[in-house]
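I have placed the structure first, in the form of structure tokens, so that the comments after it can refer back to it.
In the UniProt record's numbering, the protein residues as written are 1 to 82.
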């Protein structure tokens with residue numbers, strides 16, 4: 001997932017007005033803990049994220065969230081479902 005974040009940084013580096021920041025996620029599946037990282041993005045008052053994961057719910061999030069807390073809560077809910 002780190003490679004996806006690096007590529008996301010590279011492909012978004014020329015976009016003016018786009019804020020980028022890492023989001024670290026910890027999930028548990030079958031008693032094994034996994035760590036994920038995605039690239040959080042903020043543009044025109046909306047939040048989203050770019051990244052890859054084996055689980056669909058722990059990667060890309062569209063640019064639809066009104067607050068960073070809403071985006072983080074979505075990842076929290078998704079990681080608890082694992």
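The beta-carbon is built from N, C-alpha and C at its ideal position, and this holds for glycine as well.
### Task
Leaving out five residues on either side along the sequence, give the residues of the same chain with a beta carbon under 6 Å from the beta carbon of residue 40.
Counting only Cβ-Cβ distances below 6 Å, and skipping sequence neighbours, we find 21, 23, 49.
### Query
What residues are listed by DSSP as bridge partners for residue 21?
DSSP output for residue 21 lists 40 as bridge partner(s).
### Message
Within a Cβ cutoff of 6 Å, which residues of the same chain sit near residue 4, ignoring the five residues on either side of it in sequence?
### Response
If we look at residue 4 and ignore the five residues flanking it on each side, its Cβ neighbours are 51, 52.
### Query
Alpha carbon to alpha carbon, what distance is there between residue 14 and residue 33?
Computed Cα separation, rounded: 35 Å.
### Message
Quick check on residue 65: buried or exposed, where buried means 16 or more other Cβ atoms within 10 Å of its Cβ?
### Response
Buried is the call here.
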